[in-house]
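What follows is one structure encoded as structure tokens, with my remarks underneath.
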Amino acid sequence: MTKIFVIYTGGTIGMITDPKTGALKPFTFEQIEENVPELQRMNCKLTIHSFDPIIDSCNMTPEIWAFLAKLIEDNYDDHDGFLILHGSDTMAFTASALSFMLEGLTKPVIFTGSQLPISEVRTDAKENFITALEIASAKIDGKARVPEVCIYFENKLYRGNRTFKYNSAKFEAFRSPNYPVLVEAGVHIKYNDAAIGKCENCLLKVHSNVSNNVGVLKLYPGISPEIVDAVLNSDAEAIIMESFGTGNTTTAKWFLDKLEAAIKKGKIILDISQCKVGSVEMGRYETSSELMRMGVVNGYDMTYEAAVTKLMYLLGRKYPKDRLLRRLSTSIRGELTKY
Numbered sequence: 001m002t003k004i005f006v007i008y009t010g011g012t013i014g015m016i017t018d019p020k021t022g023a024l025k026p027f028t029f030e031q032i033e034e035n036v037p038e039l040q041r042m043n044c045k046l047t048i049h050s051f052d053p054i055i056d057s058c059n060m061t062p063e064i065w066a067f068l069a070k071l072i073e074d075n076y077d078d079h080d081g082f083l084i085l086h087g088s089d090t091m092a093f094t095a096s097a098l099s100f101m102l103e104g105l106t107k108p109v110i111f112t113g114s115q116l117p118i119s120e121v122r123t124d125a126k127e128n129f130i131t132a133l134e135i136a137s138a139k140i141d142g143k144a145r146v147p148e149v150c151i152y153f154e155n156k157l158y159r160g161n162r163t164f165k166y167n168s169a170k171f172e173a174f175r176s177p178n179y180p181v182l183v184e185a186g187v188h189i190k191y192n193d194a195a196i197g198k199c200e201n202c203l204l205k206v207h208s209n210v211s212n213n214v215g216v217l218k219l220y221p222g223i224s225p226e227i228v229d230a231v232l233n234s235d236a237e238a239i240i241m242e243s244f245g246t247g248n249t250t251t252a253k254w255f256l257d258k259l260e261a262a263i264k265k266g267k268i269i270l271d272i273s274q275c276k277v278g279s280v281e282m283g284r285y286e287t288s289s290e291l292m293r294m295g296v297v298n299g300y301d302m303t304y305e306a307a308v309t310k311l312m313y314l315l316g317r318k319y320p321k322d323r324l325l326r327r328l329s330t331s332i333r334g335e336l337t338k339y
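According to the working numbering, the residues represented by the sequence shown are 1 to 339, in order.
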């Protein structure tokens, strides 16, 4: 019998309607089989850990990521996989963070949730939960078929650090445009084995120290020097610059001078695109050539969520700066593609 460790952090998936008040309230996940009787037909033994109190995912913090990583570490040897039930709003951040914090992963860590409570007639919660559980249990030649940190939502399994939430009104809440879907669940569950990362004979190593000393500079036409100064002169060690198109910025001298001055003072500036599809291509246009010259780091096709959490992870490792910069622009958990 496959042993799956289920962690309920909070979120819509665990809500039921109070018949007296009509208000939503969390149900007790220790009694999940009463709400999802289909589980009795699956060859799985579930261990349930519910947060107390449960949290809205908008209140997620790096400290909770570290707690989740430690919880997985403590229960790793006794279980075949892990299923984390999480609010969808910040799910991609938590999945991205854990992908970096869990080095040498050889077992599935699958996030799922829902757009409607589990008690609703039209809920997506049961299908998401049951299929995510089936994928977390899947093995091939005695080994986990999907030994990655992933997100399962509306019939698709995505690599966690390639995913972002794009829709708050549809069941299809997540997308991963720059990396293939790992699993598609229809009448049959189809595994894209070529896209699934493997870590043969690896040993789990958990990195719980992360630093939130990260800032964000989102560019827009007409951005003022004062706004740029506020971000570049903040206490942040590293700054994510959300640029235009393939990594381009204004060519205004005052702007480029401010970037270069910040880098000379020791700031790390990571260039990612505001576009959801495609990649930063430094050197393709005049502006990005100047960014390369001054030492702005190429973020390639990283999502915003992956960029934030990767910087937090790398800063927490206390690497020498040259090593940090190399790892920042290199894929370490399948989070970016160099073309």
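By construction, the Cβ of each residue, glycine as well, lies at the ideal position given by its N, Cα and C atoms.
Exercise for the section: Let me know if I239 comes out buried or exposed under the rule of 16 or more other beta-carbons within 10 Å of its beta-carbon. Expected result: Within the sequence shown, numbered from 1, the residue matching residue 239 stands at position 239. Buried: at least 16 other Cβ atoms inside 10 Å.
Problem - Distance CB(S208)-CB(G247) smaller than 7 Å - result: As a first step, residue 208 is located in the sequence shown; it is residue number 208 there, counting from the start. As a first step, residue 247 is located in the sequence shown; it is residue number 247 there, counting from the start. No; because the gap between Cβ atoms is not below 7 Å, this pair is not in contact.
Exercise for the section: Can you give me the start and stop residues for the beta strand (DSSP E) that T287 sits inside? Expected result: Residue 287 sits at position 287 when you count from the first residue of the sequence shown. Counting along the chain, T287 falls outside any beta strand (DSSP E), though it belongs to the alpha helix (DSSP H) covering 286-294.
Handout entry: Distance between I72 and S176 (C-alpha atoms, nearest Å)
Key = Here residue 176 refers to the residue found at position 176 when the sequence shown is read from its first residue. Here residue 72 refers to the residue found at position 72 when the sequence shown is read from its first residue. Cα to Cα, the separation comes out at about 25 Å.
Exercise for the section: List the residues that DSSP assigns as beta-bridge partners of M241. Expected result: Here residue 241 corresponds to residue number 241 of the sequence shown, with the count starting at 1. Its beta-bridge partners are L217, D271.
Problem - Length at least 4, wholly inside the region 30-61: the alpha helix (DSSP H) runs in chain order - result: 32-35
Exercise for the section: Please go through the same chain and pick out, in chain order, the residues whose beta-carbon is closer than 7 Å to the beta-carbon of R159, but skip the five residues on each side of it. Expected result: Mapped onto the sequence shown, residue 159 falls at position 159. Here the set comprises E148, C150, S176, Y179, L182, G334.
Handout entry: CB of N212 within 7 Å of CB of M294, strictly
Key = Here residue 212 corresponds to residue number 212 of the sequence shown, with the count starting at 1. Here residue 294 corresponds to residue number 294 of the sequence shown, with the count starting at 1. Cβ distance not < 7 Å, so N212 and M294 don't count as in contact.
Practice task
To the nearest angstrom, report how far apart L85 and I263 are at their CA atoms.
Solution key: Indexing the sequence shown from 1 puts residue 85 at position 85. Indexing the sequence shown from 1 puts residue 263 at position 263. One C-alpha to the other measures close to 40 Å.
Exercise for the section: Could you check what DSSP says for T112 in three-state terms: helix, strand or coil? Expected result: Within the sequence shown, numbered from 1, the residue matching residue 112 stands at position 112. DSSP places T112 in strand when its eight states are reduced to three.
Handout entry: H79 burial status per 10 Å Cβ neighbour count (16 or more: buried)
Key = By 1-based counting over the sequence shown, the position of residue 79 is 79. Buried.
Exercise for the section: Name the residue from Q274, L291, L270 whose alpha carbon lies nearest to the alpha carbon of D257. Expected result: For the purposes of this step, residue 257 is taken as the residue at position 257 of the sequence shown. The residue with the shortest Cα to Cα distance from D257 is L291.
Exercise for the section: Using only alpha-carbon positions, find the residue among V36, T249, Q40, F51 that is nearest to G222. Expected result: By 1-based counting over the sequence shown, the position of residue 222 is 222. Here the closest residue by C-alpha is T249.
Problem - Endpoints, the beta strand (DSSP E) within which F5 is located - result: On the sequence shown, position 5 is the one that residue 5 refers to. Segment 2-8, the beta strand (DSSP E) holding F5.
Practice task
Evaluate contact between the region 301-320 and the region 163-175, counting only Cβ atoms and requiring at least three cross-stretch pairs below 8 Å.
Solution key: yes
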